[in-house]
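Peer 1:
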Amino acid sequence: QDIRILILVVNVVYITVFYITLKKIFEPLAAERSNIKVQKAFEIYEKKFGEEIKGVGNHVILDVQDLTTYFYTEEGTVKAVEGVSFQINEGETLGLVGETGCGKSVTALSILQLVRPPGVIERGKINFRGEDLIQKSKSEVLEYRGKDITMIFQDPLNSLNPVFKIGTQITEAYFLHMENELLVESTKQNRSIFAVAREWG
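Heads up, the sequence shown is in the working numbering, so the first residue is -15 and it goes up one at a time.
1) Using a Cβ distance threshold of 8 Å, determine whether the region 70 to 90 contacts the region 118 to 134, with at least three qualifying pairs required.
2) Straight-line CA distance for Val68 to Gly60?
3) Can you grab the Cα-Cα spacing for the pair Ile45 / Thr57, in whole Å?
4) Are the Cβ atoms of Gln138 and Leu144 separated by less than 8 Å?
5) Quick one: measure Cβ to Cβ for Thr52 and Gly103, integer angstroms, because I've assumed they're closer than 8 Å.
6) Based on the DSSP output, what are the partners of Gly103 in its beta bridges?
7) Determine the burial state of Ile117: buried for a count of at least 16 other Cβ atoms within 10 Å of its Cβ, exposed for fewer.
8) Measure the CB-CB distance between Val62 and Ser94 and report whether it falls below 8 Å.
9) May I ask which residues mark the beginning and end of the beta strand (DSSP E) holding Ile95?
Below, the structure written as structure tokens:
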């Protein structure tokens, strides 16, 4: 019985030493492979990020200063947007991050002058390509909206009318902002405005 115990102990020691030896051999190799993968991932990221930086110009295309939008309801005043300021250069991407109800969508709606009553843009400047959109009339803003600056609405239930076909409503945006161009092109090709608009993207 003592011999069996001794043999068992020897086997355990042998297996332990063997495991430690293998670990010392293969662990650096695994770490090296992992480092190579991480390095390659960083190289891809840096390359992509560098290309994005090269595409960003020094020209400010959108300059929002002290944008403030309130909603006057029966329950009281909702300060949806309070003193928001930021700049976006040509070719640059800006992400507004925040919890639900913090004012991200209202900020975008304010920039496009799409805030509905009881919402009111109290103050601020929205300079798009050197033009203050707040100071412009609805018809003047319409010249920019949809063609030069636009918004993809996140809620189809509120943004689309269930009475009309989706295709008709998508075509409406093109028709409002590119009416003459679409009509001329569709007439030339003897095709529907919607078909031409889809090709234009």
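Backbone N, C-alpha and C fix where the C-beta goes; we use that ideal spot for every residue, glycine too. Note that the structure is a prediction, hence the values are computed from the model and not measured.
Peer 2: This is what the structure gives:
1) no
2) 21 Å
3) If I take the Cα positions, the gap works out to 34 Å.
4) no
5) With a Cβ gap of about 11 Å, Thr52 and Gly103 do not count as contacting.
6) Phe55
7) Correcting the residue identity first, residue 117 is Leu in this sequence and not Ile. By the 10 Å Cβ count, Leu117 comes out buried.
8) no
9) Taken as a continuous stretch (DSSP letters only), Ile95 belongs to no beta strand (DSSP E), being part of the alpha helix (DSSP H) at Lys88 to Ile95.
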